[in-house]
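Taking the numbering used here, the leading residue of the sequence shown gets 254, the next gets one more, and so forth. Glycine is no exception: its CB is placed at the ideal position from the N, C-alpha and C atoms. It should be emphasised that the depicted structure is a prediction, and the values quoted were computed from it without experimental measurement. A short worksheet on the structure shown next.
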Amino acid sequence: MGQLMIQGTASNVGKSLTVLALCKIFKKEGFNVAPFKPQNMSLNSIVTENDEEISYIQYLQAKACNATIDSRINPILLKPMGNGVVEVIVRGKHYKDMRTSEYYDFLTKHGKHVIKESYESLRKEYDTIISEGAGSPAEINLYEFDYANMKFAEMFNIPTIIVCDIERGGAFASLYGTFMLLKKRHKKLVRGFIINKFRGDKRLLYPGLKYIEKKLGRKIFGVIPYINDIRIFEDSLDLKDFGSKKIGVIRYPTLSIYEDLIYLGNYSFINDKNDIDKFDVIILPGSKNVINDLMWLKRSGIAEELKRIVGRKLIIGICGGYQMLTKKIYYNNETYKGLGLIDAYTYYKSNKIVRRVKAKFLYEDFEIDGFEIRFGRIVQLKGYAFKTNYGYDGFIDFNKKIIATNIHGLFKSKAFRNFLKKRFNITFYEIDINKEINRISKVFKENIDIIKLVEILKSQKTI
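Shown next as structure tokens:
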């Protein structure tokens, strides 16, 4: 077969879902497919079976086509920490926290080789690879560092399709402008375009489609209709409020690991202290910057509201949320006062914990299969909720109505959701992620010229 790359006119235009859908479609056609993203900036990550940290969307793309899930499909993951600093994860392992200028130096000297080696390794195992770009390939101020888009496509001479989001307006201008800003050698790689998130009568688009095709000499491969209530989140721009009147999720500035939200089903975000009384259960999710998010909780008044409702409403803390619930947090030789709702202390160390975890719930006979991604260690003497293959974890107090854990994937467990329903009368709207992948892929297959894409793949030399 061959290779194909999906780039976009901007972030959040639909690159990730396009790649996911194509991986699923080509797999069903009988091809041996793998996804690839050279560099991803996202706070939404997951742990593979061999304890590597990768972006959640690349995990789902690989799941869609039954590809091996390891760090080769996402060799560089960037996790923004605020103030111009990112955590750099290379081949699934914490590498270093860097400022932007430092990262670009790393990318040109070392990172591009990691990307190249990872892709070459995949080429030995798969006959078809669908790659995903990042942001826009037309960021001309960053063009020489852009190994996430055209400089990567150029490495392997990959035919490229550019996706735009028509819902935000200016779709034709964004396609035209993006293409025209590319270097001449990179324009040659662009085979055509996909228009995403369209609402209305496609016949009204016809004059614009024909104009772009004639003006740029490239084909429009499809117009994808807007897909309602998508539950797959790539970054914070994708996060939605689903209007729950029972389940509230505190949306602090660096909320992370969105898989926990997917399996909550319906929920609403808590943005200020006045929202607390609206819900029966309050969830403190994962956080990329626990100290900053804790300070935000205190400034917003939410911290005091959480103390007020102890014993009245169910409070659930996950990973960073668990750490915030403890009495004190020791970080970078400084001591910070936590919310104090759990008799425990959090200590930060330089080595990062990234691992799959099996945990037995201590109050009913079932086990949870999840993962941990964290720097903080919690010291606690009693009140544990789980026993894992690494020791005891979490906290539970039925009188205070507090449950906490380091484990992500808690709500994925049907047994745990049933426990919450039975004990606290909390009902979850169940999400089947495989059905969600199938639903999205079906829409794309019905609205993309798959025959033409297969022709592009088959026209290449075997990779």
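Restricting attention to Gly345, Ile606, Ile448, the CA atom closest to the CA of Tyr429 is found in Ile448. Each residue's CA atom was taken as its position, placing Asn303 and Asp546 some 30 angstroms apart. In this structure the region 675-690 does not touch the region 472-479; the number of beta carbon pairs closer than 8 angstroms is below three. For Thr507, no beta strand (DSSP E) segment is defined, and its DSSP state is neither H nor E.
Just so you know, the alpha carbons of Met351 and Thr641 end up roughly 33 angstroms apart. Tyr583 carries a strand assignment under DSSP once its states are collapsed to helix, strand and coil. Within the region 320-390, the alpha helix (DSSP H) runs of at least 4 residues that lie entirely inside it are, in chain order, 353-359, 365-376.
Cα atoms of Gln576 and Lys369: separation of roughly 38 angstroms, rounded to the nearest angstrom. Going by C-alpha positions, Ala668 is about 12 angstroms away from Gly662. Taken atom to atom, the span from the alpha-carbon of Asn410 to that of Tyr356 is near 25 angstroms. Our two residues, Gly445 and Lys437, have alpha carbons roughly 15 angstroms apart in a direct line.
Within the same chain, Cβ atoms closer than 7 angstroms to the Cβ of Arg609 are found at Val300, Glu302, Asp304, Phe624, the five residues on either side in sequence being excluded. Look at Ile690 here: in three-state DSSP terms it is helix. When C-beta atoms of the region 270-284 are compared with those of the region 491-500, fewer than three pairs fall below 8 angstroms, so the two segments do not count as touching. Rounded to whole angstroms, the Cβ separation of Val339 and Leu331 is 5 angstroms, and the two are in contact under 8 angstroms. The distance from the Cβ of Ala638 to that of Gly647 is about 3 angstroms, consistent with a contact at the 8 angstroms cut-off.
In the DSSP assignment, Ser553 falls within the unbroken alpha helix (DSSP H) covering 543-553.
For the pair Asp482 and Leu275, the Cα-to-Cα distance works out to about 20 angstroms.
With a threshold of 16 other beta carbon atoms within 10 Å, Val416 meets it and is buried. Assignment of beta-bridge partners to Glu620 by DSSP yields Lys613. Take the alpha-carbon of Lys468 and the one of Ser712: they are about 24 angstroms apart.
Every beta strand (DSSP E) stretch that sits fully inside the region 626-672 and reaches 3 residues is listed by chain position as 639-641, 644-646, 648-650, 655-658.
Three or more Cβ pairs closer than 8 angstroms define a contact, and the region 497-510 meets that threshold against the region 531-545.
By the Cβ test, the region 265-272 is in contact with the region 371-389, since at least three Cβ pairs between them sit closer than 8 angstroms.
Within the model, the alpha-carbon separation for Ser603 versus Tyr584 is close to 10 angstroms. Within the same chain, Cβ atoms closer than 8 angstroms to the Cβ of Ile709 are found at Gly255, Leu257, Pro412, Arg444, the five residues on either side in sequence being excluded.
Collapsing the DSSP output to three states places Phe446 in a strand.
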